[in-house]
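Written below as structure tokens is the structure these notes are about.
In this note's numbering, the protein residues as written are 66 to 630.
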């Protein structure tokens, strides 16, 4: 308390004047701060505005005297407000609703208030959905169901059979309700996909990222975490919960990362946390070079492959697999003879809720690290396990897509068609080498209007993306084509976008050029990156995959149930 008062005296002229008129700082601590605050030109007006100035009727003096207890004298677990009466009179209760109302008003004023559309995706008519009324149908262009596995017949069939046999829920955490074959199979499939010794499934990848990064910081003394500035909120929260020293390096700027790493001895524990594909920009990390830096400076690597699993690599393991495409294609389910980029990543996290069409998150890593997480991470230990049907469906999706190279290729082809069409219309797309199509608007109000016109006039659903998902002034519409978004649907989309840009007079590429460019759009200095998928890779067929991926026999992982001593 004393340090707070001293700092306040330095910053606030009113507190400085008040404290100087008293004998010492400790005297100020014991003063009636509320009465003093009413005299403050700032706080006095604030209290009056919020209606806190008028005191409520004092309680009986005898009752007050009897009930006043020092918090330090109370037993553990008893809060300051439990059975206690405040010294002096009791003020009115805090205006909780007023706080909520004012905070929401801020969101409306700066146009960052979020509106959720009623979108009910139809399994048998993908990518169609209906709104509130079933006959009111729209085409969905912004889903993260990248391979349309949420409506895949094999996945649905497996889930139905599992649901009939094992019921709707898991019954609790694994520790309480027990382990099951579906968890064991899914974790074995995930470990095999990323060619790691083990895997652990969480209720979501948000929970996985938070649980893992926070545990690393809390358990590894003097750990330093290096985080890309564009990392997902789940990683940012995990790093905050880690309560360890952190550095944020400029997005994909490895020179900046190395300068930060070089500040510490190699012996000091470190983690570099980053993503492969950044979902709102489509930018891609240079994973190989980050691994080089990690090995040079003694750091662990934490890679989030959420927006790339299912879409990259010959078997859908993500960008890390894609970087050694040929080696993995030839080896199939087995590990290549050479050391690969995927081998060099210490922790790979991913989701079951995007390309794999269900819900949940996971991490794949070494046996010891997985067993350590299973034993210590509260986000795993105290969360109800995913339902058996969900885990069975996710495992089926992973197996199915592993041998369907054509799904990834078709998704890439449709993405390229949309990007080329928007380019021809001079509509600004933030350039990137991935499957994300971020269309730059630059205003929250206009982005919302554009989304509304697409929905109401053209029956197309593309959600507006605003702060805090993206920085202010970079608001956008984010398009994500799938194998189901054929050229005829794409042509309708392109015509609709041209109409919206004309109707709202939104800036086109030439306008951004005159402005000097933003996010690579209209920037004369921007150097285009080649697409991750080469033409040679896109020309391959499913028959070019190793036959061992068609019906692989994958052994159960001992770590899923716990390793016996």
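For every residue, glycine included, the Cβ atom is placed at its ideal position computed from N, Cα and C. These numbers come from a predicted model, not from an experiment.
- Between residue 423 and residue 455, the gap from beta carbon to beta carbon is short of 8 Å.
- Judged by beta-carbon spacing, residue 561 lies beyond the 8 Å limit of residue 541, meaning their Cβ atoms are not closer than that value.
- Closest option to residue 627, judged by alpha-carbon separation, among 346, 439, 367: 439.
- Distances from the alpha-carbon of residue 610 to those of 620, 517, 468, 180 put 468 closest.
- Beta-bridge partners assigned by DSSP to residue 312: 291.
- Distance from the Cα of residue 210 is smallest, within the candidate group 559, 596, 459, 563, for 459.
- In the DSSP secondary-structure assignment, residue 180 is not bridged to any residue.
- The continuous alpha helix (DSSP H) containing residue 580 extends over residues 574-580.
- For residue 271, the enclosing alpha helix (DSSP H) starts and ends at 270-284.
- In this structure, residue 374 sits away from residue 352, with a CB-CB distance that is not shorter than 8 Å.
- Per DSSP, residue 412 lies in no alpha helix (DSSP H); the unbroken beta strand (DSSP E) holding it starts and ends at 412-416.
- Here residue 278 is near residue 300, since their CB atoms are less than 8 Å apart.
- Counting along the chain, residue 393 sits inside the alpha helix (DSSP H) bounded by residues 390-396.
- Under the 8 Å Cβ criterion, the segment 398-418 counts as touching the segment 362-371, having at least three qualifying pairs.
- For residue 538 and residue 624, the gap between their C-alpha atoms comes out near 47 Å.
- Under the three-state reduction of DSSP output, residue 380 falls in the coil class, being neither helix nor strand.
- Judged by their CB atoms, residue 208 and residue 342 are not nearer to each other than the 8 Å cut-off.
- For the 8 Å CB-CB criterion, residue 242 and residue 233 do not form a contact.
- Within the model, the alpha-carbon separation for residue 159 versus residue 168 is close to 15 Å.
- Beta-bridge analysis with DSSP links residue 544 to 502.
- In the structure shown, residue 185 falls within a strand segment according to DSSP collapsed to helix, strand and coil.
- With respect to the C-alpha of residue 531, the residue from 164, 170, 156, 175 having the closest C-alpha is 175.
- Under DSSP, the beta-bridge partners assigned to residue 369 are 340, 414.
- The C-alpha of residue 419 is placed about 14 Å away from the C-alpha of residue 461.
- Cβ-Cβ distances below 7 Å link residue 376 to 211, 420, 473, 476, 500 in the same chain, with the five nearest sequence neighbours on each side left out; the list follows chain order.
- In the DSSP annotation of this structure, the continuous segment of the beta strand (DSSP E) that includes residue 203 starts and ends at 202-205.
- Around the beta carbon of residue 466, 16 or more other beta carbons sit within 10 angstroms, so the residue counts as buried.
- By the criterion of a C-beta distance shorter than 8 Å, residue 603 is surrounded in its chain by 474, 477, 478, once the five residues flanking it on both sides are discounted.
- In the DSSP annotation of this structure, the continuous segment of the alpha helix (DSSP H) that includes residue 228 starts and ends at 218-231.
- When beta bridges are read from the DSSP output, residue 194 appears opposite 186, 203.
- In this structure, the alpha-carbon of residue 506 lies about 15 Å from that of residue 490.
- Inter-residue distance for residue 482 and residue 555 is about 8 Å (C-alpha atoms, whole angstroms).
- Of the candidates 488, 199, 256, the residue whose Cα lies closest to the Cα of residue 399 is 256.
- Taken in chain order, the complete alpha helix (DSSP H) segments of 4 residues or longer contained in the segment 441-509 are 443-446, 453-467, 470-489.
- At the C-beta level, residue 450 and residue 194 stay beyond 8 Å of one another.
- Nearest to residue 619 by alpha-carbon distance, out of 529, 261, 267, is 261.
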